[in-house]
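Participant: Just so you know, the sequence shown maps onto residues 2 to 431 in our numbering.
Where a beta carbon is used, it is the ideal one built from N, C-alpha and C, also for glycine.
Values in this document were obtained by computation on a predicted structure and should not be read as measured data.
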Amino acid sequence: MLQSSVIPSTHADLITDTAYDYHGLKLATAGIDQKIKIWKLNELSGVWSMIDEWKAHDAPVAKIAWAHPEFGTLIASCSYDRTVKIWEDARSAPDGAGSSRFQLRTTLTEARGTVRAVDFAPAAFGLKLVTIASDNFVRIYECHETYHLTAWSLAEEFDAAAISLPLSAGESPNSGATPTQTHATLSDTPPLAPSGISLQRTGTAPSALIASTSGNPLTKPVGVKEADGAWCVSWLKDRFTVPGEIIAVSCGTQAIVKIIALQPSKPPQALLVIPQHPANTQSSLLGTATPTSTSPSLLPAVPHAAPSHPVHAITCLAWAPPCGRSYHLLATGSRDHKVRIFKLWQGERDGFGDEDAGKGDLAWSFSRLGEFDDHKASVGRVEWNITGTILSSAGDDGKIRLWKATFNNVWRSMGTLGAVESEGGDAMEQ
2 MLQSSVIPST HADLITDTAY DYHGLKLATA GIDQKIKIWK LNELSGVWSM
52 IDEWKAHDAP VAKIAWAHPE FGTLIASCSY DRTVKIWEDA RSAPDGAGSS
102 RFQLRTTLTE ARGTVRAVDF APAAFGLKLV TIASDNFVRI YECHETYHLT
152 AWSLAEEFDA AAISLPLSAG ESPNSGATPT QTHATLSDTP PLAPSGISLQ
202 RTGTAPSALI ASTSGNPLTK PVGVKEADGA WCVSWLKDRF TVPGEIIAVS
252 CGTQAIVKII ALQPSKPPQA LLVIPQHPAN TQSSLLGTAT PTSTSPSLLP
302 AVPHAAPSHP VHAITCLAWA PPCGRSYHLL ATGSRDHKVR IFKLWQGERD
352 GFGDEDAGKG DLAWSFSRLG EFDDHKASVG RVEWNITGTI LSSAGDDGKI
402 RLWKATFNNV WRSMGTLGAV ESEGGDAMEQ
């Protein structure tokens, strides 16, 4: 049974993001009014009450994230003012006594554009933070002294649009890449957006930014105005089945997701590039997508989005909690009104019973499990439950839709929540 409750928002304008803490008992909300508010759940009455609020930035807050409780009660926020701020609950008195005011610990100002997303690393990797800004740069920050939260250093910085898959031996630079091929030049992907403060594309763009396949609409220059693009990043919350740290990134107007490995003493490396449009209609059937071999001798024709598939920015993405799976689930939401679910694995098979999965430098592959356009509007947020079995998506249609896999692994809608309460005081619609 699905239940809903209403929190009487006191934000002066639209709410831009919400985030639960690790235990799900506190909720942080951020808004265009530049404020962050903290709500706490009374487990006996089920009522949410606001325990703190403050002006966090000099522009609308774009995203907020909680750190693992191992490092204390920390919140990271990013904003259109090009800054990232770290806040700590500095209260010294027990609950119900004294102030619970969050205090600013540090401000990170390296971004040269709007900081659109922020996410903490799994606790096993230490107190690390990943951000992505509209300058296309991904930045990794690290705090080596967790008892001194003002000392954050920039550990890594790279242009996400410039990261591409490495060439494998014996392949020419013009060879195409399949959706599951991890060693080829991606001539079928959208053009790379230049980094820098100005995100305007001009007719005199360097030729290196334009792919050689003129027949593919995705290879034509596209506008990368900040209002047209979307920037999102998510840290894979798993340290057991994959070597090193892995993030998923999408930036600008590119309708692709890049899976990037972060390894000590090595530059960031793209493990996989996932286009949002399937190479053919058969591979896009829900629940019937099959993996393509990564062997160069078995590669099919070069896939790319059909002319009927315009480029739409990916607005959000989220990894499912692993929960013992031998594969990973990744969900994306896009401005083409669609929610997509992908399965990713390392090795030759699809992650079921593969004894080599997760070992060595095996290639990464993916298959498409689901694609839904029920929102009929731009999708702004996707999020998984704690076990990675239910996906929720929020769209500009004012609905939150829930998705779950059936016994034969076919993903279906399981319910819809409306933004407006019904006469019975419940927002549940079906």
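#1: Give the DSSP-derived three-state secondary structure of P276 in the structure shown.
#2: Strictly by DSSP, which residues pair up with H329?
#3: Can you look up F159 in the DSSP assignment and give me helix, strand or coil?
#4: DSSP three-state label for F126, please.
#5: Per DSSP, what kind of secondary structure is T17 in: helix, strand or coil?
#6: A77 and L130 - do their beta-carbons sit closer together than 8 Å?
#7: Considering only residues of the same chain and omitting the five flanking positions on each side of T388, which have a CB-CB separation below 6 Å?
#8: Look at A321 and W385 and say whether their C-beta atoms are less than 8 Å apart.
#9: Over what stretch of residues does the beta strand (DSSP E) that includes L150 continue unbroken?
#10: Beta-carbon within less than 6 Å of A420's beta-carbon, same chain only, minus the 5 sequence neighbours each way: which residues are those?
#11: Quick check: the region 62 to 69 against the region 12 to 32, are at least 3 beta-carbon pairs closer than 8 Å?
#12: Going by the beta-carbon positions, is the gap between A271 and S165 smaller than 8 Å?
#13: State yes or no: is the C-beta of S379 within less than 8 Å of the C-beta of T316?
#14: Rounded to a whole number of angstroms, what is the C-alpha to C-alpha distance between S393 and K405?
#15: Counting pairs of beta carbons, one from the region 106 to 113 and one from the region 48 to 61, are three or more of them closer than 8 Å?
#16: What residue range does the beta strand (DSSP E) around W55 cover?
#17: Output the boundary residues of the beta strand (DSSP E) element that contains A29.
#18: Can you check whether the CB of T115 is closer than 8 Å to the CB of Y81?
#19: Bridge partners of W232, per DSSP?
#20: First and last residue of the beta strand (DSSP E) that includes R92?
#21: By Cβ distance below 7 Å, which residues in the same chain neighbour E71 in space, the five residues on each side in sequence not counted?
#22: List the endpoints of the continuous beta strand (DSSP E) containing A262.
#23: Locate the beta strand (DSSP E) running through T388, then write down its first and last residues.
#24: Would A118 be called buried (16 or more neighbouring beta carbons within 10 Å of its own) or exposed?
#25: Suppose contacts are defined by Cβ-Cβ distances below 8 Å. Is L45 in contact with I33 by that definition?
#26: Restricting to Cα atoms, I'd like to know which of P265, K36, F121 and G348 is closest to H12.
#27: Per the DSSP calculation, K405 is bridged to which residue(s)?
#28: Specify, as a first and last residue, the run of the beta strand (DSSP E) that I39 falls within.
#29: Closest to G368 by C-alpha separation, out of G416, L273, L418 and K339, would be which residue?
#30: Can you have a look at H278 and say buried or exposed, based on whether 16 or more other CB atoms are within 10 angstroms of its CB?
#31: Over what stretch of residues does the beta strand (DSSP E) that includes S251 continue unbroken?
#32: At which residues does the beta strand (DSSP E) containing V139 begin and terminate?
#33: Pick out whichever of G127, W412 and D374 has its Cα sitting closest to the Cα of D397.
Facilitator: If we stick to the structure as given:
#1: On the sequence shown, position 275 is the one that residue 276 refers to. Correct three-state label for P276: strand.
#2: Here residue 329 corresponds to residue number 328 of the sequence shown, with the count starting at 1. The partner list for H329 (beta bridge, DSSP) reads L345.
#3: Start at 1 with the first residue of the sequence shown, and residue 159 comes out as number 158. It is a strand residue.
#4: Residue 126 sits at position 125 when you count from the first residue of the sequence shown. DSSP places F126 in helix when its eight states are reduced to three.
#5: The residue labelled residue 17 in the question sits at position 16 within the sequence shown. In the structure shown, T17 sits in a strand (DSSP, three-state: E or B).
#6: Stepping through the sequence shown from its first residue, residue 130 is reached at position 129. Stepping through the sequence shown from its first residue, residue 77 is reached at position 76. Their beta carbons are under 8 Å apart, which means L130 touches A77 by this criterion.
#7: Locating residue 388 in the sequence shown gives position 387, where the first residue counts as 1. Correct list, in chain order: C324.
#8: Your numbering for residue 321 matches position 320 in the sequence shown. Your numbering for residue 385 matches position 384 in the sequence shown. Their beta carbons are under 8 Å apart, which means A321 touches W385 by this criterion.
#9: For the purposes of this step, residue 150 is taken as the residue at position 149 of the sequence shown. Where L150 is concerned, there is no enclosing beta strand (DSSP E), given that its DSSP letter is neither H nor E.
#10: Numbered from its first residue, the sequence shown carries residue 420 at position 419. Hits under 6 Å: G399.
#11: yes
#12: Mapped onto the sequence shown, residue 271 falls at position 270. Mapped onto the sequence shown, residue 165 falls at position 164. Yes, Cβ-Cβ distance for A271 and S165 is below 8 Å.
#13: On the sequence shown, residue 379 is found 378 positions in, with the first residue counted as 1. On the sequence shown, residue 316 is found 315 positions in, with the first residue counted as 1. Contact: yes.
#14: Here the question's residue 393 lines up with position 392 in the sequence shown. Here the question's residue 405 lines up with position 404 in the sequence shown. Computed Cα separation, rounded: 9 Å.
#15: no
#16: Against the sequence shown, residue 55 aligns to sequence position 54. Residues W49 to K56.
#17: The residue you call residue 29 lines up with position 28 of the sequence shown. K27 to G32 is the extent of the beta strand (DSSP E) around A29.
#18: Within the sequence shown, the letter at position 80 stands for residue 81. Within the sequence shown, the letter at position 114 stands for residue 115. Going by C-beta atoms, Y81 is nearer than 8 Å to T115.
#19: The residue you call residue 232 lines up with position 231 of the sequence shown. Answer is none; W232 lacks a bridge partner.
#20: Stepping through the sequence shown from its first residue, residue 92 is reached at position 91. Run containing R92: none; DSSP gives neither H nor E here.
#21: Within the sequence shown, numbered from 1, the residue matching residue 71 stands at position 70. Taken in chain order, the residues that qualify are A124.
#22: Locating residue 262 in the sequence shown gives position 261, counting from the first residue. I257 to L263 is the extent of the beta strand (DSSP E) around A262.
#23: One-based indexing of the sequence shown puts residue 388 at position 387. Unbroken run through T388: none, as it is neither H nor E.
#24: As a first step, residue 118 is located in the sequence shown; it is residue number 117 there, counting from the start. By the neighbour-count rule (16 or more Cβ atoms within 10 Å), A118 is buried.
#25: Here residue 45 corresponds to residue number 44 of the sequence shown, with the count starting at 1. Here residue 33 corresponds to residue number 32 of the sequence shown, with the count starting at 1. In this structure, I33 does not lie closer than 8 Å to L45 by Cβ.
#26: Reading the sequence shown from its first residue, position 11 is the one you call residue 12. The shortest Cα separation from H12 among P265, K36, F121 and G348 belongs to K36.
#27: Here residue 405 refers to the residue found at position 404 of the sequence shown. Paired residue(s): I391 and R413.
#28: Walking along the sequence shown from the start, residue 39 turns up at place 38. I39 -> beta strand (DSSP E) spans K36 to L42.
#29: Walking along the sequence shown from the start, residue 368 turns up at place 367. One point to set straight first is that residue 368 is Ser, not Gly, in the sequence displayed. Of the candidates G416, L273, L418 and K339, the one whose C-alpha sits nearest the C-alpha of S368 is L273.
#30: Residue 278 sits at position 277 when you count from the first residue of the sequence shown. The residue in question, H278, is buried, as its Cβ has 16 or more Cβ neighbours within 10 Å.
#31: Numbered from its first residue, the sequence shown carries residue 251 at position 250. Run containing S251: E246 to S251, per the beta strand (DSSP E) assignment.
#32: Taking the sequence shown and counting its residues from 1, one reaches residue 139 at position 138. That run of the beta strand (DSSP E) goes F138 to E143.
#33: Within the sequence shown, residue 397 is the residue found at index 396, counting from 1. Nearest of G127, W412 and D374 to D397, Cα basis: D374.
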